[in-house]
Amino acid sequence: MSVLMIAEKPSLAQSLAQILSYGNMTTRKNAACPVHEYRGTFLGRNVQFKFTSVCGHVYTADFEKRFKNWDTSDPVELYSAKIVRVEANPKMKLVNFLQKEVSV
Numbered sequence: 001m002s003v004l005m006i007a008e009k010p011s012l013a014q015s016l017a018q019i020l021s022y023g024n025m026t027t028r029k030n031a032a033c034p035v036h037e038y039r040g041t042f043l044g045r046n047v048q049f050k051f052t053s054v055c056g057h058v059y060t061a062d063f064e065k066r067f068k069n070w071d072t073s074d075p076v077e078l079y080s081a082k083i084v085r086v087e088a089n090p091k092m093k094l095v096n097f098l099q100k101e102v103s104v
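Per UniProt numbering, the sequence shown runs over residues 1 to 104.
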């Protein structure tokens with residue numbers, strides 16, 4: 001069994017993993033953010049802990065594409081406009097990164 005923990009910033013993930021592992025961790029580089037790993041117990045079971053971060057926001061909220069140009073949009077329409085969730089930084093592929101870490 002593995003336990004994935006996620007911090008807001010890479011430096012925080014590293015510091016917490018260092019403390020929780022009593023300095024006995026390994027770090028692997030990833031395209032998105034480093035992953036710090038160590039063995040321990042959780043709820044009486046031996047587990048592999050993985051500590052990483054999100055390197056910024058994972059998702060952001062935005063209005064539908066038809067409201068992209070604020071100069072041509074009626075502000076009153078925004079009150080009833082649908083809000084969509086989009087990946088904040090698609091180039092970092094944070095969602096894919098986290099999904100892979102959870103499934104491994």
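Note that the Cβ used here is the ideal one computed from N, Cα and C, for glycine as well.
Where S53 is concerned, the enclosing beta strand (DSSP E) starts and stops at R45 to S53. For T27, the closest C-alpha among the options S21, V35 and L20 is that of V35. Residue pairing by DSSP puts E37 in a beta bridge opposite T26 and K50. As computed with DSSP, R85 is found in a beta bridge with A61. At a Cβ-Cβ threshold of 8 Å, M5 and F49 count as neighbours.
In the structure shown, A32 falls within a coil segment according to DSSP collapsed to helix, strand and coil. Exclusion of the five residues before and after A13 leaves A7, H36, F51, T52 and S53 as the residues of its chain whose Cβ lies within less than 7 Å of its Cβ. Contact annotation, Y38 with A17: C-beta distance approximately 7 Å; criterion of less than 8 Å satisfied. Taking 8 Å as the cut-off, the Cβ atoms of V58 and V95 count as close. For S103, there is no enclosing beta strand (DSSP E); the residue is found in the alpha helix (DSSP H) stretching over L94 to S103.
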